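Which chain is which? The protein sequence lines are A and B, in order.
Going by this note's numbering, the first residue of the first sequence is number 29, and it counts up by one from there.
Going by this note's numbering, the first residue of the second sequence is number 259, and it counts up by one from there.
C-beta: ideal position from N, C-alpha, C; glycine also.
Note that this is a predicted model, so its numbers are computed, not measured.
These notes concern the structure reproduced below.
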Amino acid sequence: MSEQKGTARFSFDMRKYMMVIALIGIWVIFEAISTGTYLTPRNLSNLFRQSVFTAILAIGMLNVIVLGHIDLSVGSLAGLCGGILAIANVWKGLSPSTSILITLAVGLILGMWNGWWVAYRNVPSFIVTMAGLLVFRGVLVGITDGITIGPLSPFFGIIGKDFLSPIVGYALGAIVIVVFLAMQYSERRAKSSHGLQIPSARFETLKSVLFFLLILAFAVVMNAYQGIPNPVVIVLVLFFVFNYVTNKTVFGRRVYAIGGNKMASRLAGINIKRTTLIVFALMGVMAAIAGIFLTSRLDAAAVNAATSAELDAIAACVIGGTSLMGGVGTVSGAVIGAVVMASLDNGMSLLNAPSFYQTIVKGLVLLLAVWFDMSRKKGGND
Amino acid sequence: MNAILDARGITKDFPGVRALDNVSFSLQESQIHALCGENGAGKSTFINILSGFFPSSSYRGEILISGRPQAFSSIPEAEEAGIAVIHQELNLFPELSAAENIFLGHEIAHRGILDWNEMYLQTTEWVTKLKLTDVLPTTQVKELGVGKQQLIEIARVLRLPQMKILILDEPTASLTETETDLLLDILRQLRRDGIACIYISHKIEEVMKIADCVTVLRDGKTVGGGDIREFSKKDIVRMMVGREITEFYPKEHHKDPSTRVLEVTGASVSDYRTGKYLVRNASFHLCKGEILGLFGLVGAGRTELASSIFGAPPGKATGALVVHGKRAWFDSPREALREGIAYVTEDRKTEGIIPTMNVRENASVASLDQFRTFLGIDESREVVEVQSSVQTFRIKTPGLDAGIINLSGGNQQKVLLARSLMTKIHILILDEPTRGIDVGAKHEIYAIMNSLVASGVSIIMVSSELPEVLGMCDRIIVMCRGEITGEFDNSGKDVTQERIMICATGTASEE
Chain A
29 MSEQKGTARF
39 SFDMRKYMMV
49 IALIGIWVIF
59 EAISTGTYLT
69 PRNLSNLFRQ
79 SVFTAILAIG
89 MLNVIVLGHI
99 DLSVGSLAGL
109 CGGILAIANV
119 WKGLSPSTSI
129 LITLAVGLIL
139 GMWNGWWVAY
149 RNVPSFIVTM
159 AGLLVFRGVL
169 VGITDGITIG
179 PLSPFFGIIG
189 KDFLSPIVGY
199 ALGAIVIVVF
209 LAMQYSERRA
219 KSSHGLQIPS
229 ARFETLKSVL
239 FFLLILAFAV
249 VMNAYQGIPN
259 PVVIVLVLFF
269 VFNYVTNKTV
279 FGRRVYAIGG
289 NKMASRLAGI
299 NIKRTTLIVF
309 ALMGVMAAIA
319 GIFLTSRLDA
329 AAVNAATSAE
339 LDAIAACVIG
349 GTSLMGGVGT
359 VSGAVIGAVV
369 MASLDNGMSL
379 LNAPSFYQTI
389 VKGLVLLLAV
399 WFDMSRKKGG
409 ND
Chain B
259 MNAILDARGI
269 TKDFPGVRAL
279 DNVSFSLQES
289 QIHALCGENG
299 AGKSTFINIL
309 SGFFPSSSYR
319 GEILISGRPQ
329 AFSSIPEAEE
339 AGIAVIHQEL
349 NLFPELSAAE
359 NIFLGHEIAH
369 RGILDWNEMY
379 LQTTEWVTKL
389 KLTDVLPTTQ
399 VKELGVGKQQ
409 LIEIARVLRL
419 PQMKILILDE
429 PTASLTETET
439 DLLLDILRQL
449 RRDGIACIYI
459 SHKIEEVMKI
469 ADCVTVLRDG
479 KTVGGGDIRE
489 FSKKDIVRMM
499 VGREITEFYP
509 KEHHKDPSTR
519 VLEVTGASVS
529 DYRTGKYLVR
539 NASFHLCKGE
549 ILGLFGLVGA
559 GRTELASSIF
569 GAPPGKATGA
579 LVVHGKRAWF
589 DSPREALREG
599 IAYVTEDRKT
609 EGIIPTMNVR
619 ENASVASLDQ
629 FRTFLGIDES
639 REVVEVQSSV
649 QTFRIKTPGL
659 DAGIINLSGG
669 NQQKVLLARS
679 LMTKIHILIL
689 DEPTRGIDVG
699 AKHEIYAIMN
709 SLVASGVSII
719 MVSSELPEVL
729 GMCDRIIVMC
739 RGEITGEFDN
749 SGKDVTQERI
759 MICATGTASE
769 E
């Protein structure tokens with residue numbers, strides 16, 4: 029019995045492992061072709077910053093897809109939120125914090141708008157959010173008069189472009205490690221107090237050491253350039269929050285249950301409508317955060333900002349192993365998927381490949397990733 | 259007389275079950291031959307073989323059509339040979355017109371251009387022949403009643419010139435009495451035109467009216483049959499039931515007749531679209547510690563009644579409930595669960611298990627609130643609770659983190675039971691709790707039911723297995739065509755299968 033348990037855990041880890049291996053494979057290939065300019069601290073820093081925008085959207089999109097829906101409006105919504113931020117800050121002269129709060133509120137309300145139509149009016153999410161895609165973009169063009177608005181208060185440079193100083197970077201890394209160890213310790217204590225089997229100390233120690241090395245390597249490499257980019261810190265925070273929400277909370281569990289079998293979830297007493305509304309509302313907030321980040325980075329809001337970003341977000345989730353049928357997917361997978369996409373973009377730019385190659389290669393990678401996943405599952409069943 | 263269809267020694271095995279055992283069946287030209295049997299007697303399997311749904315390689319025995327051996331590997335091949343099935347669930351396209359439905363797949367066309375004039379003309383001929391008054395070839399099928407839709411379906415298959423044998427599977431299950439009479443008239447007319455017909459029905463009265471000949475199946479075997487004039491209704495029912503109850507059921511009595519935990523008054527469920535009643539004006543009560551059986555044949559409305567009590571009806575539901583002396587009517591399963599009523603579905607696969615989740619998550623999904631802490635789910639406590647259910651119900655699983663789809667049907671069923679019982683409940687509705695699971699697991703589920711009633715829980719058990727109902731229930735309610743047609747006190751174990759079957763087939767008027 030315990031042996032079978034062990035193999036189950038091992039294969040589960042393999043699955044996560046595969047995506048990391050694929051990512052490292054892509055890095056190694058580009059490193060070889062670009063003769064050593066790809067895996068430099070400077071380029072890695074760029075690469076992570078490039079993946080931030082898609083990663084934020086992908087984290088929100090993950091919940092939507094796991095629930096069994098889709099959100100096509102996030103590109104337009106991120107663009108609209110970016111525009112509202114610029115209008116509030118540049119035209120109305122509001123303080124950065126007020127502007128950000130207004131933008132987040134708009135994202136929340138428009139996300140709830142989508143969710144309300146899906147949950148309480150039974151319109152398919154594909155249609156609701158396709159309408160959102162058109163409407164939000166139209167509103168953006170309308171309220172900005174079709175012009176690019178900027179520059180913003182210097183504060184936004186901190187969010188969008190600046191770096192943590194090396195000392196703060198290391199300190200943050202240390203805090204993360206301490207929190208990780210504390211959580212692991214409290215989990216072990218909870219398990220033993222309930223008389224449950226505790227994972228072997230060797231396994232846990234190995235896990236901790238690997239985590240420590242990963243954080244350390246990240247901090248060292250980033251500090252070797254200019255420090256950990258602030259936007260990357262935002263993504264990491266969001267990653268930890270949503271990873272926790274999906275894995276450890278009642279809400280997260282219910283999202284997976286509904287995506288796995290809607291009818292069974294209803295019979296199990298889950299409030300499907302409310303959960304759907306919340307998931308879309310969260311997606312709206314994530315789109316607003318992505319819009320704030322994008323406008324901050326560019327120091328301006330343009331009417332065509334974040335066009336077709338929803339497709340990148342969906343692709344990131346799918347590359348990260350999320351099933352469009354619902355019920356299956358991880359936040360970490362979605363974030364790695366976003367990094368994979370950014371790695372391809374970055375690598376081909378570095379090689380001066382014409383931009384049309386980027387879309388071709390990204391499309392093929394998406395196709396291959398899903399095909400690989402499907403064929404492996406089928407093999408498992410036979 | 260010439261046998262137009264002769265099936266000899268048909269034997270069909272499913273994994274672990276012999277569905278048909280050496281069944282022989284002979285259909286004469288221009289004959290209406292009734293096929294009777296309880297749920298699970300093998301009728302559906304048999305017609306699936308005749309219609310080519312099961313390819314000839316999957317069973318043993320031979321089928322002769324007009325004396326020539328046939329080996330169908332698909333439904334079109336059987337249709338080519340002249341056999342067509344009208345299923346209980348109609349295969350029509352509601353948005354398309356009568357003519358489009360009739361000619362779908364066999365359109366009349368010249369060089370790829372559809373000849374609507376010809377198709378409309380032929381449709382009109384069929385409409386007249388089948389007495390479909392006020393139906394135009396262009397009428398959308400969704401605007402017609404179920405009875406007329408059925409006739410459109412009949413026209414659809416009989417239009418093919420080679421059609422000689424029509425198989426009707428429970429054709430009147432959803433028809434009104436007038437519609438039924440019209441259908442029977444048309445079948446008689448078709449008989450005169452030389453169409454032979456296999457007529458499957460639970461309703462013995464209809465069978466007596468229309469059939470020339472009857473064959474009764476039981477547990478996959480032919481148990482009798484012949485000219486219908488040689489049999490009375492009771493003979494047929496007796497042949498359908500036939501077997502003895504073994505001492506397989508470990509029934510314990512914990513019923514407290516003085517305490518009524520649930521009272522249902524005037525519960526009705528009607529289809530959203532057609533407005534037809536699936537359950538009509540059902541009233542009953544449930545006592546503390548009682549196992550109440552809800553028996554009926556397929557389509558009697560048992561599931562519809564049971565699920566509407568739980569707030570998940572398959573249509574528009576009305577009625578009144580009194581739960582523990584409090585008036586209530588649940589609009590969602592959530593509300594019912596809050597009042598301590600749980601429901602385990604008959605449709606394990608589509609409404610029960612969550613295939614993407616593991617055993618632990620499946621078991622706890624209905625009771626997550628009790629594990630909720632400030633920091634999310636208390637997983638340690640969740641594991642402890644699920645582990646104890648797994649032990650109580652003896653669920654065989656490699657571990658709590660094993661995917662539920664890797665478990666056998668019986669163990670999946672036990673996980674669903676565990677899901678319902680992880681919260682404090684006092685009424686449990688079990689819909690076909692032992693369908694499709696092996697004998698050992700069945701026995702364990704009966705034992706769980708016993709321990710539940712011993713602890714004061716009341717159970718409503720929906721079942722179409724008569725022996726199970728008679729073996730486990732304190733009281734039995736019988737439904738037929740959406741109405742409650744009988745109630746039996748089973749405490750003395752003196753209720754016979756015949757008496758119940760007579761109510762379930764709606765033949766009580768005879769008594």
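Notebook entry, point to check: Who are the near neighbours of A/V273 in its chain, counting only those whose CB is closer than 7 Å to its CB and skipping five residues on each side?
Noted result: Position 245 of the first sequence holds residue 273 of chain A. Same-chain partners within the cutoff: F279, G280.
Margin query: Below 8 Å on C-beta distance, what does A/A333 contact in chain B?
Written below: As a working mapping, residue 333 of chain A is identified with position 305 in the first sequence. Correct list: empty, because the minimum Cβ distance to chain B is about 36 Å.
Next item on the list: Kindly list, in the order they appear in chain B, the residues whose Cβ is closer than 8 Å to that of A/Y148.
Entry: Translated into the one-based positions of the first sequence, residue 148 of chain A becomes position 120. Those within 8 Å of A/Y148 in chain B number zero; the least Cβ separation is about 14 Å.
Note to self: So with CB distances below 8 Å, who are the chain B contacts of A/H222?
What the structure shows: Counting from one through the first sequence, the residue named residue 222 of chain A turns up at place 194. Going along chain B in sequence order, the residues near A/H222 (Cβ under 8 Å) are S638, R639, V641, V642.
Note to self: Here's the rule: buried if 16 or more other CB atoms are within 10 angstroms of the residue's CB, otherwise exposed. What is B/M737?
What the structure shows: Here residue 737 of chain B corresponds to residue number 479 of the second sequence, with the count starting at 1. When all chains shown are included, B/M737 counts as buried.
Item checked: chain B residues whose Cβ lies nearer than 8 Å to that of A/K276 -> Taking the first sequence and counting its residues from 1, one reaches residue 276 of chain A at position 248. Here the neighbours are L633, G634, I635, E637.
Next item on the list: Might you give, ordered along the chain, the residues of its own chain that have their beta carbon closer than 8 Å to the beta carbon of B/I758, omitting 5 neighbours on each side?
Entry: Counted from its first residue, the second sequence places residue 758 of chain B at position 500. Counting only Cβ-Cβ distances below 8 Å, and skipping sequence neighbours, we find F553, L724, V727, L728, I734, V736, G744, F746.
Notebook entry, point to check: Does the segment 464 to 472 of chain B come within contact of the segment 274 to 292 of chain B, defined as at least 3 CB pairs closer than 8 Å?
Noted result: yes
Check: Between B/D659, B/K700, B/A660, B/V642, which lies nearest to B/L675 when the distance is taken from Cα to Cα?
Finding: Residue numbering aside, residue 675 of chain B sits at position 417 when the second sequence is read from its first letter. Of B/D659, B/K700, B/A660, B/V642, the residue nearest in Cα terms is B/K700.
Item checked: B/T655 burial status per 10 Å Cβ neighbour count (16 or more: buried) -> Within the second sequence, numbered from 1, the residue matching residue 655 of chain B stands at position 397. By the 10 Å Cβ count, B/T655 comes out buried.
Next item on the list: Answer yes or no: do B/G533 and B/T576 have a C-beta to C-beta separation smaller than 9 Å?
Entry: One-based indexing of the second sequence puts residue 533 of chain B at position 275. One-based indexing of the second sequence puts residue 576 of chain B at position 318. It is not a contact, given that the beta carbons lie outside the stated cut-off.
Notebook entry, point to check: Does B/G610 get closer than 9 Å to chain A when you measure Cβ to Cβ?
Noted result: In the second sequence, counting from the first residue as 1, residue 610 of chain B sits at position 352. The C-beta of B/G610 comes closer than 9 Å to at least one C-beta of chain A.
Next item on the list: Alpha carbon to alpha carbon, how far is B/Q286 from B/I262? Give it in angstroms, no decimals.
Entry: Counted from its first residue, the second sequence places residue 262 of chain B at position 4. Counted from its first residue, the second sequence places residue 286 of chain B at position 28. Inter-residue distance for B/I262 and B/Q286 is about 5 Å (C-alpha atoms, whole angstroms).
Notebook entry, point to check: Based on the DSSP output, what are the partners of B/F283 in its beta bridges?
Noted result: The residue you call residue 283 of chain B lines up with position 25 of the second sequence. Per DSSP, B/A265.
Item checked: chain A within 9 Å of B/I601, Cβ atoms only -> Along the second sequence, read from residue 1 onward, the residue named residue 601 of chain B stands at position 343. The sequence as given places Tyr at residue 601 of chain B; Ile does not occur at that position. For B/Y601, the nearest beta carbon of chain A is closer than 9 Å to its own beta carbon.
Next item on the list: Quick one: measure Cβ to Cβ for B/E722 and B/E756, integer angstroms, because I've assumed they're closer than 8 Å.
Entry: Counting from one through the second sequence, the residue named residue 722 of chain B turns up at place 464. Counting from one through the second sequence, the residue named residue 756 of chain B turns up at place 498. One detail in the question is off: residue 722 of chain B reads as Ser in this sequence, not Glu. Between B/E756 and B/S722 the Cβ distance is about 16 Å, and since that is not below 8 Å, they are no contact.
Next item on the list: Show which residues of chain B have a CB atom less than 7 Å away from the CB atom of A/L295.
Entry: Looking up residue 295 of chain A in the first sequence gives position 267. In chain order: A570, P591, Y601, T603, E609.
Check: What is the C-beta distance between A/D340 and A/Q78, in whole angstroms, given that I count them as a contact (C-beta under 8 Å)?
Finding: The sequence position of residue 340 of chain A within the first sequence is 312, counting from 1. The sequence position of residue 78 of chain A within the first sequence is 50, counting from 1. Not a contact, Cβ separation roughly 11 Å.
Notebook entry, point to check: Is B/L658 closer than 9 Å to B/V617 when the C-beta atoms are compared?
Noted result: Taking the first residue of the second sequence as position 1, residue 617 of chain B is located at position 359. Taking the first residue of the second sequence as position 1, residue 658 of chain B is located at position 400. Taking 9 Å as the Cβ cut-off, B/V617 and B/L658 qualify as a contacting pair.
Checklist line | Distance CB(A/I306)-CB(A/G143) smaller than 9 Å | finding: The residue labelled residue 306 of chain A in the question sits at position 278 within the first sequence. The residue labelled residue 143 of chain A in the question sits at position 115 within the first sequence. Taking 9 Å as the Cβ cut-off, A/I306 and A/G143 qualify as a contacting pair.
Margin query: Determine, for A/I98, whether the minimum Cβ-Cβ distance to residues of chain B falls below 9 Å.
Written below: Here residue 98 of chain A corresponds to residue number 70 of the first sequence, with the count starting at 1. So no, A/I98 is outside the interface.
Margin query: Between A/I347, A/V331, A/L379, A/G348, which has its C-alpha nearest A/T172's C-alpha?
Written below: Counting from one through the first sequence, the residue named residue 172 of chain A turns up at place 144. When each option's Cα is compared against that of A/T172, the closest is A/V331.
Check: In chain order, what residues of the same chain have a beta carbon less than 6 Å from the beta carbon of A/A370, not counting five sequence neighbours either side?
Finding: The residue given as residue 370 of chain A occupies position 342 in the first sequence. L75, Q78, S79.
Next item on the list: List the residues of chain A whose Cβ lies closer than 8 Å to the Cβ of B/L579, in chain order.
Entry: Within the second sequence, the letter at position 321 stands for residue 579 of chain B. Near B/L579 there are no residues of chain A at all, since even the closest Cβ is about 17 Å away, more than 8 Å.
Next item on the list: Inspect the CB distances between the segment 468 to 485 of chain B and the segment 263 to 282 of chain B and report whether three or more fall short of 8 Å.
Entry: Judged by Cβ distances under 8 Å, the segment 468 to 485 of chain B makes contact with the segment 263 to 282 of chain B, as three or more pairs qualify.
Margin query: On the CB-based measure, 16 or more other CB atoms within 10 Å of its CB, does A/F321 come out buried or exposed?
Written below: By 1-based counting over the first sequence, the position of residue 321 of chain A is 293. Counting Cβ neighbours within 10 Å, A/F321 comes out buried, since at least 16 surround it.
Notebook entry, point to check: Taking all protein chains shown into account, do 16 or more other C-beta atoms lie within 10 angstroms of the C-beta of B/G405, making it buried, or fewer, making it exposed?
Noted result: The residue labelled residue 405 of chain B in the question sits at position 147 within the second sequence. Flag for B/G405 reads buried.
Notebook entry, point to check: Assuming B/E548 and B/D752 make a contact with CB atoms under 8 Å, what is their CB distance in whole Å?
Noted result: Position 290 of the second sequence, counting from 1, holds the residue named residue 548 of chain B. Position 494 of the second sequence, counting from 1, holds the residue named residue 752 of chain B. Not a contact, Cβ separation roughly 18 Å.
Next item on the list: Check whether the Cβ atoms of B/G569 and B/I683 lie closer than 9 Å to each other.
Entry: Looking up residue 569 of chain B in the second sequence gives position 311. Looking up residue 683 of chain B in the second sequence gives position 425. No, these two residues do not count as a Cβ contact at 9 Å.
Notebook entry, point to check: Going by DSSP, what residues sit across from B/V720 in a beta bridge?
Noted result: The count along the second sequence starts at 1 and reaches residue 720 of chain B at position 462. According to DSSP, which records beta bridges pairwise, B/V720 is partnered with B/L552, B/D689.
Next item on the list: For the beta strand (DSSP E) containing B/T576, list its first residue and its last residue.
Entry: Numbered from its first residue, the second sequence carries residue 576 of chain B at position 318. It spans 574 to 581 - the beta strand (DSSP E) in which B/T576 sits, taken as one unbroken run.
Next item on the list: Indicate whether at least one CB of chain A lies closer than 9 Å to the CB of B/L442.
Entry: Walking along the second sequence from the start, residue 442 of chain B turns up at place 184. So no, B/L442 is outside the interface.
Check: Going by Cα to Cα distance, which pick from B/V537, B/L579, B/F542 is closest to B/G573?
Finding: Start at 1 with the first residue of the second sequence, and residue 573 of chain B comes out as number 315. Considering only alpha carbons, the answer is B/V537.
Next item on the list: Please confirm if A/Y45 has its CB atom under 9 Å from at least one CB of chain B.
Entry: The residue labelled residue 45 of chain A in the question sits at position 17 within the first sequence. It does not; no Cβ of chain B falls within 9 Å.
Notebook entry, point to check: Can you pull the DSSP bridge partners for B/A342?
Noted result: In the second sequence, the residue the question calls residue 342 of chain B occupies position 84. Paired residues: B/L424.
Notebook entry, point to check: Along chain A, in chain order, which residues have C-beta atoms closer than 7 Å to that of B/P508?
Noted result: Within the second sequence, the letter at position 250 stands for residue 508 of chain B. Ordered by position in chain A, no residue passes the 7 Å Cβ test against B/P508, which lies about 28 Å from the chain.
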